[in-house]
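There are 2 protein chains.
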Amino acid sequence: MVTYREAGVDLERAESSVKIISKVLKKYRVSPENFGLFGGFYKLPDGSHLIASTDGVGTKLKIAFMAEKHDTIGSDLVFHCTNDIFVHGATPLFFLDYIAMGKLNLKTLESLIKGFARACNKVGCIILGGETAEMPGFYGKGEYDIVGFVTGKVEGKPIDGSDIKEGDILIGLPSNGLHTNGYSLARRIIFNKLGLKINSPLPYDKNLTVAEELLKIHREYYTMLKDLRIHIKGMAHITGGGIPGNLSRILPKRLKAVIRKDSWEIPEIFKFLLREGKIPEKEAYRVFNMGIGMIVIPKGESLLHKLEEKEEKFWIIGEVTKGEGIEII
Amino acid sequence: MVTYREAGVDLERAESSVKIISKVLKKYRVSPENFGLFGGFYKLPDGSHLIASTDGVGTKLKIAFMAEKHDTIGSDLVFHCTNDIFVHGATPLFFLDYIAMGKLNLKTLESLIKGFARACNKVGCIILGGETAEMPGFYGKGEYDIVGFVTGKVEGKPIDGSDIKEGDILIGLPSNGLHTNGYSLARRIIFNKLGLKINSPLPYDKNLTVAEELLKIHREYYTMLKDLRIHIKGMAHITGGGIPGNLSRILPKRLKAVIRKDSWEIPEIFKFLLREGKIPEKEAYRVFNMGIGMIVIPKGESLLHKLEEKEEKFWIIGEVTKGEGIEII
Chain A
1468 MVTYREAGVD LERAESSVKI ISKVLKKYRV SPENFGLFGG FYKLPDGSHL IASTDGVGTK
1528 LKIAFMAEKH DTIGSDLVFH CTNDIFVHGA TPLFFLDYIA MGKLNLKTLE SLIKGFARAC
1588 NKVGCIILGG ETAEMPGFYG KGEYDIVGFV TGKVEGKPID GSDIKEGDIL IGLPSNGLHT
1648 NGYSLARRII FNKLGLKINS PLPYDKNLTV AEELLKIHRE YYTMLKDLRI HIKGMAHITG
1708 GGIPGNLSRI LPKRLKAVIR KDSWEIPEIF KFLLREGKIP EKEAYRVFNM GIGMIVIPKG
1768 ESLLHKLEEK EEKFWIIGEV TKGEGIEII
Chain B
1468 MVTYREAGVD LERAESSVKI ISKVLKKYRV SPENFGLFGG FYKLPDGSHL IASTDGVGTK
1528 LKIAFMAEKH DTIGSDLVFH CTNDIFVHGA TPLFFLDYIA MGKLNLKTLE SLIKGFARAC
1588 NKVGCIILGG ETAEMPGFYG KGEYDIVGFV TGKVEGKPID GSDIKEGDIL IGLPSNGLHT
1648 NGYSLARRII FNKLGLKINS PLPYDKNLTV AEELLKIHRE YYTMLKDLRI HIKGMAHITG
1708 GGIPGNLSRI LPKRLKAVIR KDSWEIPEIF KFLLREGKIP EKEAYRVFNM GIGMIVIPKG
1768 ESLLHKLEEK EEKFWIIGEV TKGEGIEII
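Below, the structure written as structure tokens:
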């Protein structure tokens, strides 16, 4: 049995860190009003809001290093960040990137920037700035870290889930794989336990290599949903913490979300990781997105018709009831 | 003789990287209008501008690791970032931080956040969000990287140096030491060449240890100058690249800045590093701030009187003439 904690990532310690941060920010009076949501809200004098978020791509980077493929990981980062502000209804305005390497490799740099640029072009935001840091002795040979920062804008009130009521349905939109979460655990199972190589075919699909599966670009939901914002009460981007850790961020108190795990197709990669890693199912739902990249709580039924018109794949994966917390049945 | 390149940082390669980035951003049509300035400009519909910037603190982090002191380096980062947007006249609105560690250490995390929070409180911006990433196998034991993103706002036109004319004077504001630049070179001289320890007293001042000198917090110029913006044509924050690399970012073409290096007091730490490292003087002015943390080009003489009234230390370090480039005489 391989757990996330054994793989070096401790979600409980991560939760303690949130409490510490919240306490310090309050003490120095620099806390935002909406601490803990996907993006921070900053109200402008005209009543509109700027929404900002920052993120990295975690140890998915290790896959890029092993595959020596650096032109997609930047897109992962942009889409991760823009999804995080779009759940609040924000149109992305601008993105900034940080790249740190032990020794600056111009070819790798160019590939990384291409990944950022292609993705920013897709979601219609500009790259307003960036920092490329050469830090001798910090990163292994050929390794680097990348960080993204995005700012978007909402005219009027941000979408924050506060209108969610008992009886609302939960729509699940498919992920295309791990997106950017759970890589420490996945790497442990695939490379350490099973001894697969980066270019090995996957046992469940001989036409797909480990690198191809694990470097699939984090899916973005902005272009699909941007014109449908008025039909949406709440959205949760399913990243680290899985469905329970992320849906809880927008679910009002005294409401419970019941998720039926037989209601969508779980992609093969997750079934494979659970089986081979003997991961307890509960743990898997806290680490991986399990095939659901975004959960949307619609206002009425019009959103479903619009998604059908667009021929977008979606599932009704559960509903909101009385109670508290997230229950996966 | 110790050079920056030998210490692992190649400024020419850094310049090539800027060209590559610029080319890719243009190709994908995601380039900002003002590429290459200290902060990127984003014009809002009401004519005001958002100004954003991102940075790290480079290998100054290594000093924090050696000294096991983590509660000031966050302030370095906030002040570095806010200085970078203030040179364009921006009032900082919000800051976001990224912290990455191999294994999450909650005590170190709390210290880092205190550093961010204290500094944000000082310059009046909130911490709108952040990401704490646990990345097993990425960073050495006890090590981490931190990245800051700041967004500010200018009502009307940003300060960009475009009004600078022949005959304008250059005002230098004192730095309090290395700020956040030149640490790879400084560490090489102090630790490798001279064999000093982190708590050794400095040869030129027995009352000051290496850690105390090298962890002095990057000075911020916002609170001093925020009410004086209308008296300012241009500002250059002297960071990586030194006076030549930074003043050139705001100096209009066909103008030259002549800097007289005998016009200000060079702090002892720089004299010591030059002497002990046998650093060529020209190189030193490209790596270190040499005692000037900010250069201000005033509109008329009122700024000088205001600074005198406030009892702020400053020097007239040169002037703008016909020609091109930065000449240090």
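Same order as they appear, the protein sequences are chains A and B. The opening residue of the first sequence carries number 1468 in our numbering; numbering runs sequentially from there. The opening residue of the second sequence carries number 1468 in our numbering; numbering runs sequentially from there. Beta carbons: idealized from backbone N, C-alpha and C, even for Gly. It should be emphasised that the depicted structure is a prediction, and the values quoted were computed from it without experimental measurement.
Apart from the 5 residues on each side of it in sequence, A/G1790 sits with its Cβ closer than 6 Å to the Cβ of K1723 in its chain, given in chain order. Taking the Cα of B/L1579 as reference, the smallest distance to any Cα among B/I1613, B/G1591, B/V1554 is reached at B/I1613. Here A/S1651 is buried: its Cβ has 16 or more other Cβ atoms, across all protein chains shown, within 10 Å. DSSP, read as helix, strand or coil, puts A/E1778 in coil.
At a Cβ-Cβ threshold of 8 Å, B/V1554 and B/M1691 do not count as neighbours. Among the CB atoms of chain B, none fall inside 8 Å of the CB of A/V1754. Cα atoms of A/Y1671 and A/V1677: separation of roughly 11 Å, rounded to the nearest angstrom. For a Cβ distance threshold of 7 Å, residue set L1563, Y1565, G1596, G1597, E1598, F1616 of chain A lies close to B/T1521, ordered along the chain. B/K1493 and A/S1629 have their alpha carbons spaced roughly 41 Å apart. Judged by DSSP in its simplified three-state form, B/K1700 adopts strand. Counting along the chain, the unbroken beta strand (DSSP E) around A/K1510 starts and ends at 1507-1510. Straight across, the Cα-Cα distance linking B/E1748 with B/L1741 is about 7 Å.
In the displayed model, B/T1690 falls within a helix according to three-state DSSP. Per DSSP, reduced to three states, the secondary structure at B/M1533 is helical. Going by C-alpha positions, A/G1639 is about 11 Å away from A/P1765.
In the DSSP assignment, B/I1762 falls within the unbroken beta strand (DSSP E) covering 1759-1765. The beta-bridge partner set that DSSP reports for B/E1786 consists of B/I1636, B/V1725.
In this structure, the beta-carbon distance from B/G1523 to A/S1520 does not fall below 8 Å. Taking 8 Å as the CB threshold, B/R1585 lines the interface with chain A. Only residues of its own chain outside the window of five on either side were considered, and among them G1628, G1701, A1703 have a CB closer than 6 Å to the CB of B/I1717, listed in chain order.
For B/G1712, the uninterrupted alpha helix (DSSP H) run begins and ends at 1709-1714, by DSSP. Using a C-beta cut-off of 8 Å, the region 1773-1786 of chain A makes no contact with the region 1491-1507 of chain A, since fewer than three inter-stretch Cβ pairs fall below that distance.
Note on geometry: alpha-carbon atoms of B/E1768 and A/N1550 lie some 50 Å from one another. Shown here, A/T1470 sits in coil according to DSSP, grouped into three states, outside any helix or strand. Under DSSP, the beta-bridge partners assigned to A/A1519 are A/G1507, A/T1618. Against A/A1481, the close residues of chain B are L1571, T1599, E1601, in the order they occur along the chain (beta-carbon pairs closer than 9 Å). Taking 7 Å as the cut-off between beta carbons, the residues of the region 1499-1512 of chain A near chain B are P1499, G1506, G1507, Y1509, in sequence order.
Between A/W1731 and the set A/P1499, A/G1708, A/I1759, A/F1755, the nearest pair of CA atoms involves A/I1759. Taking a contact to require three or more Cβ pairs closer than 8 Å, the region 1596-1611 of chain A and the region 1657-1667 of chain B do not qualify as touching. Judged by DSSP secondary structure, B/D1538 falls outside any alpha helix (DSSP H); it is assigned neither H nor E. Under the three-state reduction of DSSP output, B/N1588 falls in the helix class.
Neighbourhood of B/Y1495 in chain A, by CB distance below 8 Å: K1581, A1584, R1585, C1587, N1588, in chain order. Listed along the chain, the chain B residues whose CB falls inside 9 Å of the CB of A/S1651 are E1601, M1602, P1603, G1604. Our two residues, B/T1706 and B/K1624, have alpha carbons roughly 24 Å apart in a direct line.
Using a 10 angstroms sphere on the CB of B/P1734, the tally of other CB atoms reaches 16 or more, which defines it as buried. Within the region 1525-1539 of chain A, those residues whose Cβ lies closer than 9 Å to any Cβ of chain B are, in chain order, G1525, T1526, L1528, K1529.
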